[in-house]
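Okay, structure first, notes after.
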Amino acid sequence: MTQKKQLPPGFREVYNDSNCEEFFVNMGPQHPSTHGALRLVLRLDGETIIEIVPHFGYIHRGIEKQAESGTYLQFIHLSDREDYLTAIQNNLGVVLALEKGMGIGTTERGEYIRVMMAELNRIASHLVYYGCFGGDMGGQTPLIYGFKEREMIHDIFDEVTGSRLTTNFFRPGGSRFDVTDTFIPRVKAFLDHLEPTMKDYELLMSKNIIVLERNVGIGVLTREQAISFGCSGPVLRASGVPYDVRRSDPYSIYDRFDFDIPIETDGDNYARYKVRIAEIHESMKILRQCIEKFPEGPYRSKEKPVKLLPGNYYAATESAKGLYATYVVAVSGDKPYRIHTRGPSFANLAALNTMSQGHKIADLVSIMASLDPVIPEVDR
Amino acid sequence: MNSSIFIPSVTHPIGDFIRSNVPIPELAFLINAILCIIGICVVAFGAALVLVYVERKVCAHVQCRLGPMRLGFHGCIQTVADTLKLLFKEVYAPDGADKFLFYLAPMVLLTAPFLCLCMIPFDHNLQVANISVGIPLIIAVNGFGVLGILLGGWSSNNKYSLLGGLRSGAQMVSYEISLSLILLFIVMMAGSASLMDITTSQSGTILDWWIFKAPGIGIVAFIMFLISSTAEMNRAPFDIAEAEQELTGGYHTEYNGTAFAMFYLAEYINLVTTSSLATTCFLGGFLPPAIGVAAVDHALAMVPGLIWFFAKVGLMIWIYMMLRWTFVRPRVDQLMALEWKFLLPVNLLLLAAGAVFLALGWVLP
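Chain order of the listed sequences is A and B.
For the first sequence, the numbering used here assigns the number 1 to the initial residue and increments by one for each residue that follows.
For the second sequence, the numbering used here assigns the number 381 to the initial residue and increments by one for each residue that follows.
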């Protein structure tokens, strides 16, 4: 006898198993593994997930609305606070859109500073991913290891920009400051340190039997699903789509460097892990090339008041999480009419329900870690 | 040596002293029992206090950190401060919890490791109860502990706790089987279920310990014991019942203050008990590593058995800690598969192989 049950709002999956006593668990907004204030309502059959309904907005700060009441420059530091793990790359995305509106570019040295800072930021973000991925599977040691090397990158950021996390560094036409003389030696020393360290870290996780058992074939996102959800970044590339803005639509001076776009075809947790680890190595490759060619000269083009010509401006960048795009509508003067940013975490997180159906709660946690979402960027 | 099952007897010189000086036998028995309780409590609480500190330090150094450094020399009284903080906190049950079971659970959980500790021989004459069926009793008492976790998970009125309790129930019941099989293997090898007899059966050099004495299979049994006892203790990497990242703490999510401290205490006393069991069964207990070797015999014999025992227990605990801070946690169904599809068949084979080895006389003299 099946009786018609009233499901909580948002659930629509038809699941008829007469042996099943399904129940609902509220995961978050206060939960160690939801990477911030994300609330998931889980519909469970025992420990197996039938369906997930995510509830966003617990830390909505109205960043895009705030942008409308400030000047263009005042939006740059707000973009830090979207995805705080890729603050520099967010700055870069916003600044590129503004530069399009102003019709200016930056100097040669400015471009190199941008690329180097952005790639350091990519390594930092992927190291956090490495840590959280291990941490969410119950290994506290990878968690600390990932954060340890990331701290060194933050030390470099601290020296260059004056802050560690929310850097507010780039400006239309260049950056706020020139890099210090110690910047290049420090980056070089860091790369020389990171290369052997990454070998150790991969030894800890990559071939670990428990990691393999828990991640190979878990949270599979097919190529078609990944495209239809609008996923980007490592999530998309792990599903076999060779899309990277740095390669397909090069911005800044990315077309000058020799680097690969790592692709995996399995689309599972482990493929995403491998893509991100390979990307750390590719970023190191770019940084080494930058160090060789780092030019002298002015760090920014001639300073001009930030006034955009009326029109719509769009710039897409590849942040560590995926496609970070800024759309600016300028009507008149020095204030934006509307700024919209397209963050990668929001689109990637949309695939969570599809990926985790039929898996266990423990898998949900590792799947979410493998998507690497940052909730402040989801909620804005 | 012929002790009865039911009467605990302190065979230590202190016990003899009390027995010969206190005129009333009942009173002597009472004093004996009180001394036993005090002794076990000192060992248990002392070990737990030290171990919490050691675990934090080991974990910190594995992770390139320093760990507690502020309170006392290298943070050595941090645990005392933490314990005091927990003791002074108000204990309350969540709304809708089954209050009686909720408060009963930590006590039940704490009882099991204490009882096990009573059967461990710490030295030639230092054992609370030398019971002829020591191993079966330890298995039985250990199984009692799972009740505490189940009760805690069930009575908390929290879905995470319930999931944690159920997971732990399934896990501990399963792993008890392979743990029992390995202990049976040792019982078969030693020819006795009394822990004192098992220890004395290993007297000799390091090659006479059961880990080496049964060639090949001894070390396999030891590794199997490591795996299944880690799961039995609910320790990481097999801590799926707590699973902080998934269940926010599992069965002890809703506990705080003294009740939580008891869960914590039980975890560490369990660690001591299990390590003691491993030491007794595989590493020669309180015996020095080279008896009968003329060059070092005299020097080694000067070190008290208690020191040997706790040195070996320390080694075991260190292994458990390194395991914990290296591996990630398997999933709940993988853990069950590991037990039923791998450990159980292997342990059954091990038991059969042990019997064959004994019959053919392949065990080292």
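Cβ atoms here follow ideal geometry from the backbone N, Cα and C, with glycine treated the same way.
These figures come from a predicted structure and were not determined experimentally.
Subject >> From B:ARG445, B:VAL488 and B:ASP577, residue whose alpha carbon lies closest to that of ALA509 (chain B) >> reply: Indexing the second sequence from 1 puts residue 509 (chain B) at position 129. The shortest C-alpha separation from ALA509 (chain B) is found at B:ASP577.
**OP:** Could you tell me which chain B residues have their CB closer than 7 Å to the CB of HIS193 (chain A), listed as they occur along the chain?
**Re:** In the first sequence, residue 193 (chain A) corresponds to position 193, counting from 1. Per Cβ cutoff of 7 Å: no residues; HIS193 (chain A) is ~13 Å from chain B at best.
Original post:
In its own chain, which residues sit with a C-beta less than 6 Å from the C-beta of ALA350 (chain A), not counting the 5 before and 5 after it?
Top reply: Position 350 of the first sequence holds residue 350 (chain A). Apart from sequence neighbours up to five positions away, the residues of its chain that approach ALA350 (chain A) with a beta-carbon distance below 6 Å are PHE229, ordered along the chain.
Original post:
What residue does the alpha helix (DSSP H) around TYR736 (chain B) start on, and which one ends it?
Top reply: For the purposes of this step, residue 736 (chain B) is taken as the residue at position 356 of the second sequence. Reading off the sequence, residue 736 (chain B) comes out as Val, not Tyr. Here the alpha helix (DSSP H) through VAL736 (chain B) covers 724-740.
**OP:** At 7 Å on the CB atoms, spell out the chain B contacts of THR141 (chain A), in chain order.
**Re:** Stepping through the first sequence from its first residue, residue 141 (chain A) is reached at position 141. In chain order: VAL442, GLN443, TRP705 and THR706.
**OP:** Report yes or no: do the segment 640-648 of chain B and the segment 729-744 of chain B share at least 3 C-beta pairs separated by less than 8 Å?
**Re:** no
Original post:
What is the C-beta distance between ASP334 (chain A) and LYS307 (chain A), in whole angstroms, given that I count them as a contact (C-beta under 8 Å)?
Top reply: Within the first sequence, numbered from 1, the residue matching residue 334 (chain A) stands at position 334. Within the first sequence, numbered from 1, the residue matching residue 307 (chain A) stands at position 307. That pair is a contact at about 5 Å.
Subject >> ASP266 (chain A) - DSSP class collapsed to helix/strand/coil >> reply: The residue given as residue 266 (chain A) occupies position 266 in the first sequence. Three-state result, ASP266 (chain A): coil.
Original post:
For ALA325 (chain A) versus ALA315 (chain A), is the C-beta distance shorter than 8 Å?
Top reply: Counting from 1 along the first sequence, the entry for residue 325 (chain A) is found at position 325. Counting from 1 along the first sequence, the entry for residue 315 (chain A) is found at position 315. Cβ atoms of ALA325 (chain A) and ALA315 (chain A): closer than 8 Å.
Original post:
Using a beta-carbon distance below 8 Å, is LEU740 (chain B) in contact with chain A?
Top reply: Within the second sequence, the letter at position 360 stands for residue 740 (chain B). Cβ-Cβ to chain A under 8 Å: no for LEU740 (chain B).
Subject >> Rounded straight-line distance, which links the Cα of TRP534 (chain B) to that of ALA739 (chain B) >> reply: To locate residue 739 (chain B), count along the second sequence from 1; it is residue 359. To locate residue 534 (chain B), count along the second sequence from 1; it is residue 154. Our two residues, ALA739 (chain B) and TRP534 (chain B), have alpha carbons roughly 48 Å apart in a direct line.
Subject >> Nearest candidate by alpha-carbon position, reference VAL683 (chain B), set B:PHE666, B:THR660, B:VAL693 and B:ILE699 >> reply: The residue labelled residue 683 (chain B) in the question sits at position 303 within the second sequence. If we check each option's Cα against that of VAL683 (chain B), B:PHE666 comes out closest.
Original post:
How would you list, in chain order, the residues of chain A whose beta-carbon sits under 8 Å from the beta-carbon of ALA550 (chain B)?
Top reply: Mapped onto the second sequence, residue 550 (chain B) falls at position 170. Correct list: empty, because the minimum Cβ distance to chain A is about 11 Å.
Original post:
Where in the segment 250-302 of chain A do unbroken runs of the alpha helix (DSSP H), each at least 4 residues long, occur, reported from the N-terminal end onward?
Top reply: Fully enclosed alpha helix (DSSP H) runs of no fewer than 4 residues occupy 269-293 of the segment 250-302 of chain A, in order along the chain.
Subject >> Chain-ordered chain B contacts of MET137 (chain A) [CB-CB under 8 Å] >> reply: The sequence position of residue 137 (chain A) within the first sequence is 137, counting from 1. Near MET137 (chain A) (Cβ distances below 8 Å), the residues of chain B are GLN625, VAL708 and ARG709.
Original post:
Where are the alpha helix (DSSP H) runs, 4 residues long or more, that stay fully inside the segment 635-687 of chain B, in chain order?
Top reply: 637-662 and 674-682
Subject >> Residue range of the unbroken alpha helix (DSSP H) whose run includes MET617 (chain B) >> reply: Translated into the one-based positions of the second sequence, residue 617 (chain B) becomes position 237. Correcting the residue identity first, residue 617 (chain B) is Pro in this sequence and not Met. Premise fails: PRO617 (chain B) is in no alpha helix (DSSP H) and is neither H nor E.
Original post:
Residue range of the beta strand (DSSP E) that PRO54 (chain A) falls in?
Top reply: For the purposes of this step, residue 54 (chain A) is taken as the residue at position 54 of the first sequence. PRO54 (chain A) -> beta strand (DSSP E) spans 48-55.
Original post:
In three-state terms, what does DSSP make of THR706 (chain B)?
Top reply: On the second sequence, residue 706 (chain B) is found 326 positions in, with the first residue counted as 1. The answer is coil: DSSP assigns THR706 (chain B) none of H, G, I, E or B.
Original post:
Start and end of the beta strand (DSSP E) containing ALA37 (chain A)?
Top reply: Numbered from its first residue, the first sequence carries residue 37 (chain A) at position 37. Where ALA37 (chain A) is concerned, there is no enclosing beta strand (DSSP E), given that its DSSP letter is neither H nor E.
Original post:
Mind checking TRP720 (chain B): buried by the 16 CB within 10 Å criterion, or exposed?
Top reply: Mapped onto the second sequence, residue 720 (chain B) falls at position 340. Exposed, because fewer than 16 other Cβ atoms sit within 10 Å of the Cβ of TRP720 (chain B).
Subject >> Simplified DSSP assignment, three categories, for HIS359 (chain A) >> reply: Looking up residue 359 (chain A) in the first sequence gives position 359. Coil.
Original post:
Mind listing which residues of the segment 124-136 of chain A have their C-beta closer than 8 Å to chain B's C-betas, in chain order?
Top reply: GLY134, GLY135 and ASP136
Subject >> Contact set between VAL726 (chain B) and chain A, taken where Cβ atoms lie within less than 9 Å >> reply: Here the question's residue 726 (chain B) lines up with position 346 in the second sequence. Residues of chain A passing the Cβ test: none, with the nearest at roughly 16 Å.
Original post:
Within 8 Å (strictly less), CB to CB, does GLN458 (chain B) reach chain A?
Top reply: As a first step, residue 458 (chain B) is located in the second sequence; it is residue number 78 there, counting from the start. No, GLN458 (chain B) lies away from the interface with chain A (no Cβ there is under 8 Å from its Cβ).
Original post:
Quick one: does ASP363 (chain A) have its CB under 8 Å from some CB of chain B?
Top reply: Residue 363 (chain A) sits at position 363 when you count from the first residue of the first sequence. Judged by the 8 Å Cβ criterion, ASP363 (chain A) is in contact with chain B.
Original post:
Does DSSP put ASP334 (chain A) in a helix, a strand or coil?
Top reply: For the purposes of this step, residue 334 (chain A) is taken as residue 334 along the first sequence, with counting starting at 1. ASP334 (chain A) falls in the coil class under three-state DSSP.
Original post:
Per DSSP, VAL311 (chain A) forms a beta bridge with which residues?
Top reply: Residue 311 (chain A) sits at position 311 when you count from the first residue of the first sequence. The identity of residue 311 (chain A) in the sequence shown is Gly, whereas the question assumes Val. DSSP, once it has assigned bridges, lists A:ALA330 as partnering GLY311 (chain A).
Original post:
Using a beta-carbon distance cut-off of less than 8 Å, what residues from the segment 8-25 of chain A approach chain B?
Top reply: The segment 8-25 of chain A vs chain B, Cβ under 8 Å: PHE23 and VAL25.
**OP:** In the DSSP assignment, find the unbroken alpha helix (DSSP H) run with VAL488 (chain B) in it and report its ends.
**Re:** Start at 1 with the first residue of the second sequence, and residue 488 (chain B) comes out as number 108. Start and end: 479-498.
Original post:
Can you find a CB in chain A that lies within less than 8 Å of the CB of GLY734 (chain B)?
Top reply: Residue 734 (chain B) sits at position 354 when you count from the first residue of the second sequence. No, GLY734 (chain B) does not count as interfacial toward chain A.
Original post:
Just curious, the alpha helix (DSSP H) that VAL460 (chain B) is in, first and last residue?
Top reply: Here residue 460 (chain B) is taken as the residue at index 80 of the second sequence, counted from 1. Counting along the chain, the alpha helix (DSSP H) containing VAL460 (chain B) begins and ends at 458-468.
**OP:** Report yes or no: is there a C-beta of chain B within less than 8 Å of the C-beta of TYR201 (chain A)?
**Re:** To locate residue 201 (chain A), count along the first sequence from 1; it is residue 201. No, TYR201 (chain A) lies away from the interface with chain B (no Cβ there is under 8 Å from its Cβ).
Subject >> Closest Cα partner of ASP462 (chain B) within the set B:TYR433, B:ASN412 and B:ILE671 >> reply: Position 82 of the second sequence, counted from the start, is the residue given in the question as residue 462 (chain B). Selected option, being the one with the closest Cα: B:TYR433.
Original post:
How long is the line joining the alpha carbons of THR167 (chain A) and ASP266 (chain A), rounded to whole angstroms?
Top reply: Within the first sequence, the letter at position 167 stands for residue 167 (chain A). Within the first sequence, the letter at position 266 stands for residue 266 (chain A). One alpha carbon belongs to THR167 (chain A), the other to ASP266 (chain A), and they sit about 36 Å apart.
Original post:
Using the C-alpha atoms, what's the distance from ASN636 (chain B) back to LYS469 (chain B)?
Top reply: Against the second sequence, residue 469 (chain B) aligns to sequence position 89. Against the second sequence, residue 636 (chain B) aligns to sequence position 256. The alpha-carbon atoms of LYS469 (chain B) and ASN636 (chain B) are separated by roughly 8 Å.
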